[in-house]
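Notes follow the structure.
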Amino acid sequence: MGGRAERQTRPRRVLLIDDDPVFVRGLAVSLKHEGYEVTTLTHGGNALDVIARIRPHAVVLDVMMPQVDGWEVLRLIRESPATSELPVLMLTAKGSEQAKVLGFSLGADDYLTKPFSLNELRCRIGALLRRAENGKGDKQESQRVAVVSCSSGLDFIGLDEIYYIEGVRNYTYVHTCDGRFLSRMSLREVEEGSPERYMRVHRSYIVNLDKVTGCRWATKSSFRLRLSNVGSTEIPVSRRLVSEVQGRLGIRRG
0 MGGRAERQTR PRRVLLIDDD PVFVRGLAVS LKHEGYEVTT LTHGGNALDV
50 IARIRPHAVV LDVMMPQVDG WEVLRLIRES PATSELPVLM LTAKGSEQAK
100 VLGFSLGADD YLTKPFSLNE LRCRIGALLR RAENGKGDKQ ESQRVAVVSC
150 SSGLDFIGLD EIYYIEGVRN YTYVHTCDGR FLSRMSLREV EEGSPERYMR
200 VHRSYIVNLD KVTGCRWATK SSFRLRLSNV GSTEIPVSRR LVSEVQGRLG
250 IRRG
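Quick note: the sequence shown uses numbering that gives the first Met the number 0, first residue 0, plus one each step.
See the structure below:
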């Protein structure tokens, strides 16, 4: 099948870390059947040693584990230069946005809330691997932002669909006509990969200038951009960027 790992020259290596041995064995059998090379751990204490030895292409990591939990393992993975870019899918019984925000702040790439289907897990892992490979030079992929969708998990949104992107620490909220989506990308990463019509107008906001319909002056030297979405969202412009934004959009003080 088109998305299966057998199409790779060599099997993709996946490390599963979960303290339930029966659960891990079931996942391992399923992924091996798809052509993945699978290594399993039932605790996170020696995760970095195993990662250094087998060099997996992705890690599937449970959050709730004794002694060293998934959050700590994730933190260690991201702190090590050798593993900082390694794709990590978190398994969690906590599906709240707060839990996802915590995971993104620590560097998680995707979430899967228990219980889940094996087919969904396979799809998520495949998406993570494609994202990692595309990130090495696929120009088409650079025109999309990876987000977490409540309905489909890891997803991609075209840059032309986005109204604005809001930065919160080292993750972002991507705003479209369909709502707000979490993204692990930072504002700096989005800014570096965005087309010319995207502009950082504030330390916390990047705006798609094609979605701007007007502005509202708050004071003699500051204004807010009005967007074309439902509700006509207004985005503040930093004072130091007022002249530059005016020039880009042809805005004059009335």
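Glycine is no exception: its CB is placed at the ideal position from the N, C-alpha and C atoms.
None of these values were measured; they are calculated from a predicted model.
Check, Outcome
"Inter-residue Cα distance where the pair is D61 and R187", "29 Å"
"DSSP three-state assignment for D61, whether helix, strand or coil", "strand"
"At least 3 beta-carbon pairs within less than 8 Å: the region 200-218 vs the region 159-167", "yes"
"According to DSSP, residues forming a beta bridge with D48", "Its beta-bridge partners do not exist; DSSP assigns none."
"Rounded straight-line distance, which links the Cα of V173 to that of V67", "32 Å"
"Spatial distance of P235 from E243 (CA atoms)", "14 Å"
"Minimum C-alpha distance to I205 - residue among V167, A217, T218", "V167"
"Opening and closing residue of the alpha helix (DSSP H) in which S29 lies", "20-32"
"Residue environment, G25, which counts as buried when at least 16 other CB atoms sit within 10 Å", "exposed"
"The region 44-53 / the region 63-83 touching (three or more Cβ pairs under 8 Å)", "yes"
"Simplified DSSP state of G249, which is helix, strand or coil", "coil"
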